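Visitor: Below: one structure in structure tokens.
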Amino acid sequence: MKASKFFFKTYKEIPKEAQTPSHILMHRAGMIQKLASGIYNYLPLALRSLKKIEKIIREELDKRGCQEVLMPAVQPAELWEESGRWKYYGHELLRFKDRKNSDYCFGPTHEEVITDMARKILSSYKQLPINLYQIQTKFRDEIRPRFGLMRGREFIMKDAYSFDINEEEAKKSYKLMYEAYSAIFNRMNLKFKPVDAATGAIGGDMSHEFQVLAETGEDEILSCNKCSYCANIEKAVSGNELKKADSSKKKELSEVSTPNVKTIDELSAFFKTDPSRLIKTIIYLVDDNPVLALLRGNEEANEAKIQAFLGANSIIHADDAAIKSITGAEVGFAGPVKLNQKVTIIADSHIYEDTDYVCGANKTDYHFTGFDPERDFTPSHIADITFAKEGNKCPKCDGILEKYRGIEVGQVFYLGTKYSSLMNCTFLDNDGKAQIAVMGCYGVGVSRTMAAAIEQNHDEHGIIWPAAIAPFEVAVIPIQLNNEIVVETSEKIYKNLTATGIDVFMDDRNERPGFKFNDADLIGFPVQIICGSKLIENGKVEVKIRKTGEKREIDIENIVTATKELLLSL
RNA sequence: CGGGAUGUAGCCUAGUGGCUAAGGCGCCAGUUUUGGGAACUGGAGACCGAAGGUUCGAGUCCUUCUAUCCCGACCA
């Protein structure tokens, strides 16, 4: 491709709204344009990279027996009602009506459609296993889209779904996809970690996320410094042993007037005590039922763990009115003692490490002191509902947990029969008996992967593409366009490289050298071949490696072989 | 959804209530220039996010709306 004919434009200045490296650089390099919040145009430069990502994905999936399909973006509400998600998916699901007033949504994911597709074809165990995938545009109406393609509303996703005859086989399919994903991100030369993950709205009971490590990642990961344990902060478990409360320190429960003292900070100031000596009572609506979560004042509630523990579809904070009706008090005075109605109470296991706490009295402007978790209330459940922390012991070995930030670019779920049973996706087994297909689902955020690659690989000059997903692998940059030998040589190199199947960008623009060098670094061509008159007279050109900044002089006649070798290492 | 901020040309910015809204980048034409974002000359491009209001007079003040961004909550 010649620059003079290529549809692109680079920018020196950073647009006000771009905050994060991938967003700034993709904008400056002329890869994307924003059309609306979280909705972007992909220009040729971006699409080239996306296509390469897609190609790698297709190759690795096809190699493992997956088959590509293409499903509609617009989906009828009936299917979502069958799975129950029309109700539970919430505002993220973009819903609309057609002219006949029928309900539709723009697909945020395709479990319903694929299960419907599969049940129409599947009749015998002989057809299984099967794994179907598509690469397609999704829409999720994010509350707060941000960081360009990192969290867009419309985005490109590869989603795959496996169907198996039983759990054991389904777990084999899961493992195969886990391997496929590792292979995919390895081929892209990205630094990533597969981590244990919470399952969220998609459901199911086993899941791994593939996290590309980057400072700007939205997710926190805890990873053992000794063994392979690695989990999303929402799921991570501390291996620290629980202490036993010192029963000699028990005190009597007594009501204390605490006028207008509501928050943990206010309480700890009022009682002149550490937040760990306070019990925090948080009231949730879990699948519309009230749930009290109890934890120590210095801990944060891990809502993903609560949701997972209770096997719930949704968890939200109760509003003030609900809190008032449950506790009989204003917000800020909730506690587990003397509740006037039966509610589920989930107690964090850490609260049993001590006694003599302060907790709410379910009476406006009053708290209890001397609260003893073992004596003063009966929990419905005791569970770990806090976050593990950096420096905690690993739950699997004697190592220590370290913290990383990551960008979730892929996730694999073992779904079981969640959708297939609700939607009656069955087949006949060996004995002629109907069985429910066991499913898994697997996603890769294609557009997000592109952004993540940039987040992980850039410097102050621009993008540093891994060669496998770079829009172009090589840029040929003639310096003196008024010098015939330079022009001829660069043309020759361009043609020869292109002929061997390398993606070459020929910067034939009549610009000064510095301008072209800066553009080349910004766009991030992994290899830059600089053709200047002085070296060419000696039969050489300069080859610059974007990643290291290293410059080599290479004989013109060897340029094709040398470039090919270089690219393999990038 | 709560809190904060911002909308002036394709991009980045300036602009005490006062006449024709200013500059840089980019763009077009020309001349020179060609190893790290060139110089000069000439040119095109904005009814200042929208609607009301205050005022002799509004880009500037007020109200509402809208869009966008940031923090939080929420989320794959």
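Quick note, my numbering runs 623 ahead of the 1-based positions in the first sequence. Backbone N, C-alpha and C fix where the C-beta goes; we use that ideal spot for every residue, glycine too. These numbers were taken from a predicted model, which means no experiment stands behind them.
Can you tell me where the alpha helix (DSSP H) with residue 735 in it begins and where it stops?
Guide: 734 to 744
Visitor: Span of the beta strand (DSSP E) holding residue 1045?
Guide: It is not in any beta strand (DSSP E) - residue 1045 instead sits in the alpha helix (DSSP H) that spans 1041 to 1045.
Visitor: What are the complete beta strand (DSSP E) segments, minimum 3 residues, inside the region 1048 to 1103?
Guide: 1049 to 1051, 1057 to 1059, 1061 to 1068 and 1097 to 1101
Visitor: Just to confirm, are residue 758 and residue 677 a CB contact at a threshold of 9 angstroms?
Guide: In this structure, residue 677 lies closer than 9 angstroms to residue 758 by Cβ.
Visitor: Look up residue 670 in the DSSP assignment and give the residues it is bridged to.
Guide: Looking at the DSSP assignment, residue 670 forms no beta bridge with any residue, so it has no partner.
Visitor: Thinking C-alpha only, which one of 978, 803 and 762 is nearest residue 873?
Guide: Per the Cα distances, 978.
Visitor: Report yes or no: do the region 1058 to 1073 and the region 728 to 748 share at least 3 C-beta pairs separated by less than 8 angstroms?
Guide: yes
Visitor: With H, G and I counted as helix, E and B as strand and the rest as coil, what does DSSP make of residue 995?
Guide: coil
Visitor: Once you ignore the five residues that flank residue 1058 on each side, which residues in its own chain have a CB closer than 8 angstroms to its CB?
Guide: When the five nearest sequence neighbours on each side are left out, the beta carbons in the same chain lying within less than 8 angstroms of the beta carbon of residue 1058 are those of 748, 788, 789, 1049, 1050, 1051 and 1052, in order along the chain.
Visitor: Among all the DSSP beta bridges, which residues are the ones paired with residue 777?
Guide: 762
Visitor: According to DSSP, is residue 694 part of a helix, a strand, or is it coil?
Guide: It is coil, neither helix nor strand.
Visitor: So, residue 1130 versus residue 1143, is the Cβ gap smaller than 9 angstroms?
Guide: Their beta carbons are under 9 angstroms apart, which means residue 1130 touches residue 1143 by this criterion.
Visitor: Are the CB atoms of residue 780 and residue 1069 within a distance shorter than 9 angstroms?
Guide: yes
Visitor: Who are the near neighbours of residue 679 in its chain, counting only those whose CB is closer than 7 angstroms to its CB and skipping five residues on each side?
Guide: 807, 810, 811 and 1091
Visitor: Determine the direct distance from the alpha carbon of residue 1012 to that of residue 942, and round the result to whole angstroms.
Guide: If you take the alpha carbons of residue 942 and residue 1012, they lie about 29 angstroms apart.
Visitor: Taking a contact to mean a Cβ-Cβ separation below 9 angstroms, would you say residue 1189 touches residue 1164 in this structure?
Guide: no
Visitor: What residue range does the beta strand (DSSP E) around residue 940 cover?
Guide: 938 to 940
Visitor: Just to confirm before moving on: does the CB-CB distance between residue 981 and residue 915 stay below 9 angstroms?
Guide: no
Visitor: Identify which residue in 865, 767, 1098 and 1158 has its Cα closest to the Cα of residue 1106.
Guide: 1158
Visitor: Residue range of the alpha helix (DSSP H) that residue 1117 falls in?
Guide: In the DSSP assignment, residue 1117 falls within the unbroken alpha helix (DSSP H) covering 1107 to 1122.
Visitor: Work out the CA separation of residue 859 and residue 972 for me, nearest whole Å.
Guide: One C-alpha to the other measures close to 15 angstroms.
Visitor: Could you check how far apart the C-beta atoms of residue 816 and residue 834 are, in whole angstroms? I think they sit under 8 angstroms.
Guide: 5 angstroms
Visitor: Any contact of the region 939 to 955 with the region 982 to 996, i.e. 3+ C-beta pairs under 8 angstroms?
Guide: These segments touch.
Visitor: Which first and last residues belong to the alpha helix (DSSP H) in which residue 1184 is found?
Guide: Going by DSSP, residue 1184 is part of the alpha helix (DSSP H) stretching over 1182 to 1191.
Visitor: Please list, in chain order, all residues of the same chain as residue 960 whose beta carbon is under 8 angstroms from its beta carbon, the five residues on each side excluded.
Guide: So the list reads 876, 982, 984, 985, 991, 994, 999 and 1000, once near-sequence residues are dropped.
Visitor: Quick one: what's got a C-beta closer than 7 angstroms to residue 641's C-beta in the same chain, skipping five residues either side?
Guide: 647, 650 and 771
Visitor: Just how far apart, CA to CA, sit residue 627 and residue 1182?
Guide: Rounded to the nearest angstrom, the two C-alpha atoms are 23 angstroms apart.
Visitor: Quick check: the Cα distance between residue 922 and residue 900, rounded to an integer number of angstroms?
Guide: 11 angstroms
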